[in-house]
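Visitor:
Number of protein chains: 2
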Amino acid sequence: MTQSGATPAKPGTRTAVWKSITISLTDDIAQGRYNSGDKLPSEAQLAARFGVNRHTVRRALAAMAEQGLVHARRGSGVFVAAAPTDYPIGKRVRFHQNITRGGQIPAKRILALETRAADSTEAAALQLEAGEMVHVYDGLSLADDQPIALFQSVFPALVLPEMLTSLEEMQSVTAALKACGIADYTRQETRITAKLATATQALHLRITEGSPILRTTGVNIDPDGRPVEFGRTWFAGDRVTLTIDGQEP
Amino acid sequence: MTQSGATPAKPGTRTAVWKSITISLTDDIAQGRYNSGDKLPSEAQLAARFGVNRHTVRRALAAMAEQGLVHARRGSGVFVAAAPTDYPIGKRVRFHQNITRGGQIPAKRILALETRAADSTEAAALQLEAGEMVHVYDGLSLADDQPIALFQSVFPALVLPEMLTSLEEMQSVTAALKACGIADYTRQETRITAKLATATQALHLRITEGSPILRTTGVNIDPDGRPVEFGRTWFAGDRVTLTIDGQEP
DNA sequence: CGCTATGATTTGTCTAGTTGTATAGAACAT
DNA sequence: ATGTTCTATACAACTAGACAAATCATAGCG
Numbered sequence: 015m016t017q018s019g020a021t022p023a024k025p026g027t028r029t030a031v032w033k034s035i036t037i038s039l040t041d042d043i044a045q046g047r048y049n050s051g052d053k054l055p056s057e058a059q060l061a062a063r064f065g066v067n068r069h070t071v072r073r074a075l076a077a078m079a080e081q082g083l084v085h086a087r088r089g090s091g092v093f094v095a096a097a098p099t100d101y102p103i104g105k106r107v108r109f110h111q112n113i114t115r116g117g118q119i120p121a122k123r124i125l126a127l128e129t130r131a132a133d134s135t136e137a138a139a140l141q142l143e144a145g146e147m148v149h150v151y152d153g154l155s156l157a158d159d160q161p162i163a164l165f166q167s168v169f170p171a172l173v174l175p176e177m178l179t180s181l182e183e184m185q186s187v188t189a190a191l192k193a194c195g196i197a198d199y200t201r202q203e204t205r206i207t208a209k210l211a212t213a214t215q216a217l218h219l220r221i222t223e224g225s226p227i228l229r230t231t232g233v234n235i236d237p238d239g240r241p242v243e244f245g246r247t248w249f250a251g252d253r254v255t256l257t258i259d260g261q262e263p
Numbered sequence: 015m016t017q018s019g020a021t022p023a024k025p026g027t028r029t030a031v032w033k034s035i036t037i038s039l040t041d042d043i044a045q046g047r048y049n050s051g052d053k054l055p056s057e058a059q060l061a062a063r064f065g066v067n068r069h070t071v072r073r074a075l076a077a078m079a080e081q082g083l084v085h086a087r088r089g090s091g092v093f094v095a096a097a098p099t100d101y102p103i104g105k106r107v108r109f110h111q112n113i114t115r116g117g118q119i120p121a122k123r124i125l126a127l128e129t130r131a132a133d134s135t136e137a138a139a140l141q142l143e144a145g146e147m148v149h150v151y152d153g154l155s156l157a158d159d160q161p162i163a164l165f166q167s168v169f170p171a172l173v174l175p176e177m178l179t180s181l182e183e184m185q186s187v188t189a190a191l192k193a194c195g196i197a198d199y200t201r202q203e204t205r206i207t208a209k210l211a212t213a214t215q216a217l218h219l220r221i222t223e224g225s226p227i228l229r230t231t232g233v234n235i236d237p238d239g240r241p242v243e244f245g246r247t248w249f250a251g252d253r254v255t256l257t258i259d260g261q262e263p
C-alpha cells in the first residue's frame, strides 16, 4: 500500500520535511552554490528560506553533520566541511607542497619555541647522548585557515645552533634547514598510530575532545644519513587522509 | 456549544458521530465563529468539547480538509482555509497588483539568485544564442503570508547587467526592471499546464507531495518587442484560480 | 597601539504544545 | 462471523519560545 518506492519502508509522512531540506542543501553544495569551507546561512535564515521552524533546519543540518558534510561551530555558524585533505607520506614529506598540491592554502602557527635537554626518545631518534640539548618547535598547521595538525619538531642543537631564529623568521622547516646548511633531507621512517584527542589538542585543532587523531612520528635525515629532525605530528583524523604513495626504497 | 449533546454514549446512532461534528464545525465557520485563516482549537480541545476521542475529531476534520474547508499544519494547528485567490493572467501580469486587488498582502522570498549559461529553452524564449549568460531569480510568492507560487525568472544578462543587485534590494521584478531602464513590459504569451508537486515544491508551497500544481510559462517583452524576462511559475493549485480576462490578441 | 567591555549574532539545549501515523481492542450492525 | 465505528495508547514530526554558551564586531579607554 505504501507506494513510496525510494524511501525505506518507514511509516510516517511521505517525505519528512527535514529530509527534503537535507537533500536541497546537499544539492546546493554539490552544485557549488556553497563551496568547501564556506559558511552556510544562519539557521534562522535557512528556516526563513524554507518556511520552516529552526529546529527542523537543525534536524536537517544534524543529519548532514553526521554524514560529515558540514560542521557547526557555536557562535560562528555552520560550515561546509572541507573534503579530507590528502596528505602524502613518503620519502619527501613537505607540508607546504602537500597542501598546495590539493589547491589549498597552507599556513603555520608557532605555538612554542624552546631549547632544552632531549628526553630519551628524542635522543634515541636523533642518535644523541642522553641530556644533549635540542631545539623544539611546537606548531599548528592549517590548510585554508582550517587546522590540520599539531606538530612538534625536535632538532639537535649542536648541529643546528641557529635553527630557532631561522624558524622564527620563516616558519617553514624546510626553509629553516636550508638556511642552516641542510639543502635537502628525506624521511627515514614514519610510524602511524591512532589516538583520541585530548582537551588541549581538541582546542587547537578545533575538534571535539575524543575525536580521532592520527599520530605520526618520523625522523628526517640529511643526504649523509645524519638525523636532522625528529618530528611528531597529530593530524585531525576527520580532516586528513594519509596516503602512502608507492615509494621506492 | 451547539448541539454537541447528541447523546454520543448511545452507539448505533443513525448519523455517525464524526459527521455531526463536521456539521457543527462547518456551521461554526459559516456563522463567522471562526474566520478565514483563524486557527481552530486543538484537536485535543475539540475532543474534550465534543466529549469524544481525538481520532473522532480527526475523522471530522479530515472530511472538512478534503472539502477544502480547513487545512492542518503539523505542529501548528488546523486553520480555516482561505478562499482561493483569483490570479488574473493577461497582457500585464503584476504579482503585487494581483494580490493587493484581492485585499491580501503580497510578499516574496528569494530562494536563489545566480548567473549562469542559458539552457536551450531559455535561450529560445529570450532569443539568445546558446550558452549566453542569464540572471536567474528563484523565489516564492506569498499572499497573507501563505505560499502561493514558486517562480523562476530568467533575464538576459547582457541586456540587464545590474538586474541581480536590483532584485536583491527590491524583490519586485517590475521595480528591478524599471531600475534597469525597462519602464514597462507586457506578457507576450502564457502557457499553462497541470503537474503534480515534487517533494521540493511541496516543501516550499506547504502542500503535500503529489498535490496539483498549475505551471505557467511566459515571456515578457519591452515596448520594442525585445524579450526581457522568461518566467516559469508553479502555483499551488488548491490556493489559486487563474483567470483570463477577455483580451484581444 | 593594544586591551577590555559590551552588545549583537549564532549555535546548543531544554520544555511544551500540536498534528500525523500506527497498533490494538471494544461495542455494535449486518 | 465479519466489518465498521469509536476508544485508547504510544510514538514520530514539526512548531514555538526561552535561555545558555560561544563567537564576532565594535566602541571606548589607557
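Chains A and B supply the protein sequences, listed in that same order. To convert, note that position 51 of the first sequence is 65 in our numbering; the numbers rise steadily by one, no gaps. To convert, note that position 193 of the second sequence is 207 in our numbering; the numbers rise steadily by one, no gaps. Even for Gly, the Cβ is constructed at its ideal location relative to N, Cα and C.
1. How about PRO161 of chain B: is its C-beta nearer than 9 Å to some C-beta of chain A?
2. Of all the CB atoms in chain A, is at least one closer than 9 Å to the CB of GLY265 of chain B?
3. Taking Cβ positions only, does ALA62 of chain A come closer than 9 Å to chain B?
4. If LYS255 of chain B sits next to THR230 of chain B, beta carbons under 8 Å apart, how far is it from one beta carbon to the other, in whole angstroms?
5. Looking at the structure shown, is ILE235 of chain B part of a helix, part of a strand, or coil, going by DSSP?
6. Here's a check: name, in chain order, each residue in its chain whose Cβ is nearer than 7 Å to the Cβ of ALA96 of chain B, leaving out the five neighbours to either side.
7. Report all residues from its chain with a CB closer than 6 Å to the CB of PHE244 of chain B; omit the five preceding and five following residues, and keep chain order.
8. With DSSP run on the structure shown, which of helix, strand or coil describes SER134 of chain B?
9. Below 6 Å CB to CB, which residues in the same chain sit around ARG220 of chain B once its five sequence neighbours on both sides are set aside?
10. Looking at the strands, I want to know which residues DSSP matches up with GLY91 of chain B.
11. Do VAL84 of chain A and VAL71 of chain A have their beta-carbon atoms positioned less than 9 Å apart in this structure?
12. Would ASN67 of chain A be called buried (16 or more neighbouring beta carbons within 10 Å of its own) or exposed?
13. Within the continuous beta strand (DSSP E) that includes ILE196 of chain B, where are the two ends?
14. By Cβ distance below 6 Å, which residues in the same chain neighbour ILE258 of chain B in space, the five residues on each side in sequence not counted?
15. Any C-beta of chain B sitting closer than 9 Å to the C-beta of ILE35 of chain A?
16. Evaluate the contact criterion for the segment 174-186 of chain B versus the segment 144-153 of chain B: three or more CB pairs, one atom per stretch, below 8 Å.
17. What is the C-beta distance between VAL31 of chain A and LEU217 of chain B, in whole angstroms, given that I count them as a contact (C-beta under 8 Å)?
18. Could you tell me whether any Cβ in chain A is nearer than 9 Å to the Cβ of HIS85 of chain B?
19. Take THR114 of chain A and list the residues in its own chain whose beta-carbon comes closer than 7 Å to its own, dropping the five residues that flank it on each side.
20. Where does ASP42 of chain B fall in DSSP's three states?
21. Which residues in the same chain have their Cβ closer than 8 Å to the Cβ of THR301 of chain A, if we skip the five residues on either side of it in sequence?
22. In chain B, which residues lie less than 8 Å from SER38 of chain A when you measure between Cβ atoms?
23. Between B:HIS110, B:SER90, B:ASP100, which has its C-alpha nearest GLU57 of chain B's C-alpha?
24. Look at the alpha carbon of ARG201 of chain A and the alpha carbon of ALA61 of chain A, and state the distance between them as a whole number of angstroms.
25. Just list the residues that DSSP pairs ILE124 of chain B with in beta bridges.
26. Under 9 Å, Cβ to Cβ, is there at least one residue of chain B near ARG246 of chain A?
27. Since GLU279 of chain A is in the alpha helix (DSSP H), which residue starts that stretch and which ends it?
28. Are the beta-carbon atoms of SER155 of chain B and PHE109 of chain B separated by less than 9 Å?
29. May I ask you to list the residues that DSSP assigns as paired with SER167 of chain A?
30. Determine the contact status of GLN111 of chain B and GLY153 of chain B, defining contact as a CB-CB distance below 9 Å.
31. So for VAL31 of chain A, helix, strand or coil by DSSP?
32. Taking LEU140 of chain B as the query, report the chain A residues whose CB atoms sit under 9 Å from its CB, ordered along the chain.
33. Output, in chain order, the set of chain A residues within a Cβ distance shorter than 7 Å of GLU223 of chain B.
34. With DSSP as the reference, label ALA20 of chain B as helix, strand or coil.
35. Could you tell me the alpha carbon to alpha carbon distance between ARG130 of chain B and ILE206 of chain B, rounded to whole angstroms?
36. Can you have a look at PRO263 of chain B and say buried or exposed, based on whether 16 or more other CB atoms are within 10 angstroms of its CB?
Guide: For this structure:
1. By 1-based counting over the second sequence, the position of residue 161 of chain B is 147. For PRO161 of chain B, the answer is yes, since a Cβ of chain A falls inside 9 Å of its Cβ.
2. What is shown of chain B runs 15 to 263, which leaves residue 265 of chain B out entirely.
3. Position 48 of the first sequence, counting from 1, holds the residue named residue 62 of chain A. ALA62 of chain A counts as touching chain B.
4. As a position in the second sequence, residue 255 of chain B is number 241, starting the count at 1. As a position in the second sequence, residue 230 of chain B is number 216, starting the count at 1. Per the sequence shown, the amino acid found at residue 255 of chain B is Thr instead of Lys. That belief does not hold up - the Cβ atoms of THR255 of chain B and THR230 of chain B are roughly 13 Å apart, past 8 Å.
5. Here the question's residue 235 of chain B lines up with position 221 in the second sequence. Reduced to three states, the DSSP call for ILE235 of chain B is strand.
6. Here residue 96 of chain B refers to the residue found at position 82 when the second sequence is read from its first residue. The residues are SER50, GLY51, ASP158, GLN160.
7. Taking the first residue of the second sequence as 1, we reach residue 244 of chain B at position 230. The residues are GLU136, ALA139, LEU140, VAL168, VAL233.
8. Walking along the second sequence from the start, residue 134 of chain B turns up at place 120. It is helical.
9. Start at 1 with the first residue of the second sequence, and residue 220 of chain B comes out as number 206. Only PRO161 meet the Cβ criterion.
10. On the second sequence, residue 91 of chain B is found 77 positions in, with the first residue counted as 1. DSSP lists B:ARG87 as partners of GLY91 of chain B.
11. The sequence position of residue 71 of chain A within the first sequence is 57, counting from 1. The sequence position of residue 84 of chain A within the first sequence is 70, counting from 1. No; because the gap between Cβ atoms is not below 9 Å, this pair is not in contact.
12. For the purposes of this step, residue 67 of chain A is identified with residue 53 of the first sequence, where counting begins at 1. Burial call: exposed.
13. In the second sequence, residue 196 of chain B corresponds to position 182, counting from 1. Careful: ILE196 of chain B lies outside any beta strand (DSSP E) and carries neither H nor E.
14. Taking the second sequence and counting its residues from 1, one reaches residue 258 of chain B at position 244. ILE103.
15. Mapped onto the first sequence, residue 35 of chain A falls at position 21. True, the Cβ-Cβ gap to chain B drops below 9 Å.
16. yes
17. As a first step, residue 31 of chain A must be located in the first sequence, where it is residue number 17. As a first step, residue 217 of chain B must be located in the second sequence, where it is residue number 203. Confirmed, about 6 Å.
18. Against the second sequence, residue 85 of chain B aligns to sequence position 71. Output row for HIS85 of chain B: interface = no.
19. If you number the first sequence from 1, residue 114 of chain A lands on position 100. Only PRO120 meet the Cβ criterion.
20. Position 28 of the second sequence, counted from the first residue, corresponds to residue 42 of chain B. Reduced to three states, the DSSP call for ASP42 of chain B is helix.
21. One cannot answer for residue 301 of chain A here, as it falls past the ends of chain A, which runs 15 to 263.
22. Taking the first residue of the first sequence as 1, we reach residue 38 of chain A at position 24. Within 8 Å Cβ-Cβ: THR214, LEU217.
23. Translated into the one-based positions of the second sequence, residue 57 of chain B becomes position 43. That would be B:SER90, whose Cα lies nearest to the Cα of GLU57 of chain B.
24. Your numbering for residue 201 of chain A matches position 187 in the first sequence. Your numbering for residue 61 of chain A matches position 47 in the first sequence. Roughly 51 Å separates the two Cα atoms.
25. In the second sequence, residue 124 of chain B corresponds to position 110, counting from 1. BP columns for ILE124 of chain B point to B:GLY153.
26. Numbered from its first residue, the first sequence carries residue 246 of chain A at position 232. Output row for ARG246 of chain A: interface = no.
27. With chain A covering 15 to 263 only, the question about residue 279 of chain A has no answer from this structure.
28. Working through the second sequence from its first residue, we reach residue 155 of chain B at position 141. Working through the second sequence from its first residue, we reach residue 109 of chain B at position 95. Contact flag set, yes.
29. Within the first sequence, the letter at position 153 stands for residue 167 of chain A. The partner list for SER167 of chain A (beta bridge, DSSP) reads A:TYR151, A:GLY245.
30. Sequence index remark: in the second sequence, residue 111 of chain B carries index 97 (1-based). Sequence index remark: in the second sequence, residue 153 of chain B carries index 139 (1-based). Contact: no.
31. Translated into positions along the first sequence, residue 31 of chain A becomes position 17. Helix, per DSSP.
32. If you number the second sequence from 1, residue 140 of chain B lands on position 126. Correct list: empty, because the minimum Cβ distance to chain A is about 22 Å.
33. On the second sequence, position 209 is the one that residue 223 of chain B refers to. Under the 7 Å cutoff, chain A gives ARG28, THR29.
34. Taking the second sequence and counting its residues from 1, the one referred to as residue 20 of chain B is at position 6. Below a pLDDT of 50, predicted positions are generally treated as unreliable, and ALA20 of chain B, at 34, falls in that range; no measurement from the model is reported.
35. The count along the second sequence starts at 1 and reaches residue 130 of chain B at position 116. The count along the second sequence starts at 1 and reaches residue 206 of chain B at position 192. Looking at the two C-alpha atoms, the distance is approximately 26 Å.
36. As a first step, residue 263 of chain B must be located in the second sequence, where it is residue number 249. Because the pLDDT at PRO263 of chain B is just 49, under 50, the model does not fix this residue reliably, and the value given afterwards should be weighed accordingly. By the neighbour-count rule (16 or more Cβ atoms within 10 Å), PRO263 of chain B is not buried but exposed.
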